[in-house]
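Following my numbering, the numbering of the sequence shown begins with 6 at its first residue and continues without gaps. Don't be surprised by glycine CBs; every beta carbon is placed ideally from N, CA and C. Note that the structure is predicted; figures quoted are calculated from it, not measured.
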Amino acid sequence: ASSVDNIQIQRGVGTSTNGAGAFGGSLNIQTTTLRDSAYAELNNTFGSYQTLKNTVNVGTGLINSKFSFDGRLSRIKSGGYIDRGSSDLKSYFLSGAYYGKASLLRANVFSGTEKTYQAWNGIPENLLNTNRTFNSFTYDDQTDNYVQNHYQLLYSKTISSKVSANAALHYTQGRGYYEEFKEQQKLANYGIAPFVSGGTTINKSNLVRRRWLDNDFYGMTYSFSYNPSSSLNFTLGGAYNEYDGDHFGEVIRGQFVPVDLKLKRYYQGNGFKTDFNTYAKADYTLGKLNLFADLQYRSINYKITGTDKNRMQLRRDDQLDFFNPKIGLSYQINPSSNVYTSLAVANKEPNRKDYINSSPTNSPLSENLLDIETGYRLRKSNFSTDLNAYAMIYDNQLVLTGKINDVGEYIRQNVKDSYRLGIELDSRLQINSRLAWGITASFSDNKIRNFTEFADDYDKGGQIQNNFRNVDLAFSPEFIGSSELSLRPFRRTEIALLSKYVGEQFLDNTSNSARKLDAFFVNDLRVGYNTSFKGLKNIGFTLLVNNVFSEKYESNGYTFSYLYGGAFTTENFYFTQAPANFLLSLSLKF
6 ASSVDNIQIQ
16 RGVGTSTNGA
26 GAFGGSLNIQ
36 TTTLRDSAYA
46 ELNNTFGSYQ
56 TLKNTVNVGT
66 GLINSKFSFD
76 GRLSRIKSGG
86 YIDRGSSDLK
96 SYFLSGAYYG
106 KASLLRANVF
116 SGTEKTYQAW
126 NGIPENLLNT
136 NRTFNSFTYD
146 DQTDNYVQNH
156 YQLLYSKTIS
166 SKVSANAALH
176 YTQGRGYYEE
186 FKEQQKLANY
196 GIAPFVSGGT
206 TINKSNLVRR
216 RWLDNDFYGM
226 TYSFSYNPSS
236 SLNFTLGGAY
246 NEYDGDHFGE
256 VIRGQFVPVD
266 LKLKRYYQGN
276 GFKTDFNTYA
286 KADYTLGKLN
296 LFADLQYRSI
306 NYKITGTDKN
316 RMQLRRDDQL
326 DFFNPKIGLS
336 YQINPSSNVY
346 TSLAVANKEP
356 NRKDYINSSP
366 TNSPLSENLL
376 DIETGYRLRK
386 SNFSTDLNAY
396 AMIYDNQLVL
406 TGKINDVGEY
416 IRQNVKDSYR
426 LGIELDSRLQ
436 INSRLAWGIT
446 ASFSDNKIRN
456 FTEFADDYDK
466 GGQIQNNFRN
476 VDLAFSPEFI
486 GSSELSLRPF
496 RRTEIALLSK
506 YVGEQFLDNT
516 SNSARKLDAF
526 FVNDLRVGYN
536 TSFKGLKNIG
546 FTLLVNNVFS
556 EKYESNGYTF
566 SYLYGGAFTT
576 ENFYFTQAPA
586 NFLLSLSLKF
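Written out as structure tokens, the structure is:
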């Protein structure tokens, strides 16, 4: 975030210029942009739970009207709220640019490493009132470790007053593992044959294993823009990307693991994905009316081979082709207000985990979404508001089931018919020169028409089925609201109260009140003061107190049910959030 200048969140089906996979929302991030003069910035933060953050930003500004260079170095460490839930993250960012008369060439190199202690098992429901920091993991090196390196080359060219072009090459390299201690594991599950020691047959052992991901992601994007007149704009663009990921596991030590089998891969799989897309987009303005159309073709191929974590054979080869059209219009009622409406179709492929968690005879299907939106915008000198209504109608939506896999990732399954209907409000009022108030609100109805729950039957083997109609989608609250009340009591001081309310959410798709997250209302307090002193352009102090009233709440969780001993049992696990905690920052700008 320290190297980001602008973040734009677009709801609904995103435009093709934001990326081919924009489905139900997209995020557009702009990294460091040009600063005319040289600069240096230091930012240091400390806070609760042994939290430390240090960031250095430097830049040359524009040199000889042609060159600029920027860099950043960051570190974040924290002991974490959950027992042993520590984190240690480091990153850097380097950027160099050449500015021609009608062109820009920029190279970005950035990288990050993380080492975090695992806390993804959550907290059993029966401990919520007595031990909200519980962590079931106790092994010292039960950690997740990952490093990712990014390389980007960006080029833009103004060919004429009517034609411009953009292109980018990118490569991302990632490698990491999570380490875990496992008790009394069957040696056969690791490709190790039972053996006799001291007259005893050994077929189980305590052991430590690592599960690795080693991946490469690379490709290119391009776009051409043609503006024959001030009222008409055409864009033609596309991208081609490849992803190549190896997944493998190693036993690094064990009580009864032969030395020659340590560090030998007991499973190894590969996922290879190609992703091609091309699109054409047009905008036309006729008086107060603006029309747009966006037509996109996308082709994806998945190949999954090798073995999975259970040493089962993997062989998937899936070709997916999508056509994603979007049309819309807006009408400028007067200089301060306009209305708009849009209709978009989007298709989204399953991800690798969806394939791995399914069987070859029951492969996941791609999702199809019809997104209809209409809204109103108003801009006044002291007041602004956005009101949006949407209908998102899904075919084969991949929904969260409420279950997780062995690393805390949610498992999904297709449901045939589902929808999300809602109204969103985003308003801001400048009450006077010192006081401002911003609010957001979202009211929604999120349903699955027919849902089948599968629960393990440990008495008879197999699974039992429970059928439901018109149930709520998991993790989809009917109401979300936020408020930011900011006061400037003095010229260089700001005090802000940030409030957020999230309605109750179900942990799965059964609308069962025994499997849910309670609603919560959380308030944060932020105090900032900025001044300058001699050679410093700015000295900034910021105090952030999160959850200032120490609300006890859980932001996430999971559930699973089973039949055992003639009783149907449900177990819920939750991810608790910290009570009142603080971050105090000092920033210096030179």
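- Listed as beta-bridge partners of Ile444 by DSSP are Ser432 and Ser488.
- In the structure shown, Ala298 adopts extended strand secondary structure according to DSSP, grouped into three states.
- The beta carbon of Val550 is closer than 6 Å to those of Leu530 and Phe587 in its chain, skipping five residues each way along the sequence.
- Taking a cut-off of 8 Å on C-beta distances, the segment 119-127 touches the segment 575-586, as three or more cross pairs fall below it.
- An exposed status is given to Asn387, since fewer than 16 other beta-carbon atoms sit within 10 Å of its beta-carbon.
- Segment contact: the segment 501-521 against the segment 472-492, three or more CB-CB distances shorter than 8 Å; contact assigned.
- Rounded to the nearest whole angstrom, the C-alpha separation of Phe222 and Ala173 is 14 Å.
- Taken in chain order, the complete beta strand (DSSP E) segments of 3 or more residues contained in the segment 244-316 are 270-291 and 294-312.
- Here Lys187 is not near Lys209, since their CB atoms are 7 Å or more apart.
- Between the segment 194-203 and the segment 135-152 there are fewer than three C-beta pairs closer than 8 Å, too few to call the two in contact.
- Runs of the beta strand (DSSP E) lying entirely within the segment 329-411 and spanning at least 3 residues, in chain order: 342-353, 372-384 and 388-409.
- Counting other Cβ atoms within 10 Å of its Cβ, Thr536 stays below 16 and is therefore classed as exposed.
- Under DSSP, Trp217 shares a beta bridge with Tyr182 and Phe253.
- Apart from the 5 residues on each side of it in sequence, Ser423 sits with its Cβ closer than 6 Å to the Cβ of Tyr399, Gln402 and Ile453 in its chain, given in chain order.
- With distances taken between CA atoms, His155 lies nearest to Gly179 out of Thr60, Gly179, Thr406 and Val264.
- If you draw a straight line from the Cα of Leu502 to the Cα of Asn62, it comes to about 29 Å.
- In this structure, the beta-carbon distance from Asn552 to Pro584 falls below 7 Å.
- The straight-line gap separating the alpha-carbon atoms of Leu237 and Phe297 is approximately 10 Å.
- A straight line joining the alpha-carbon of Asn232 with that of Tyr151 spans about 45 Å.
- Annotation: Gln301 to Asp431 spans about 30 Å, alpha carbon to alpha carbon.
- For Ile500, the enclosing beta strand (DSSP E) begins and ends at Thr498 to Val507.
- The three-state reading of DSSP puts Glu576 in strand, counting E and B together.
- Excluding residues up to 5 positions away in sequence, Gly407, Lys408, Leu512, Asp513, Arg520, Thr575, Glu576, Asn577 and Phe578 lie with their Cβ nearer than 8 Å to the Cβ of Thr564 in the same chain.
- Fewer than three beta-carbon pairs drawn from the segment 289-296 and the segment 262-279 are found closer than 8 Å, and the two stretches are therefore not classed as touching.
- The DSSP-derived three-state label of Thr226 is strand.
- Distance check between Gln470 and each of Asp464, Tyr463, Arg215 and Thr457 places Thr457 closest, using alpha-carbon atoms only.
- A direct Cα-Cα distance of roughly 10 Å separates Leu440 from Ile500.
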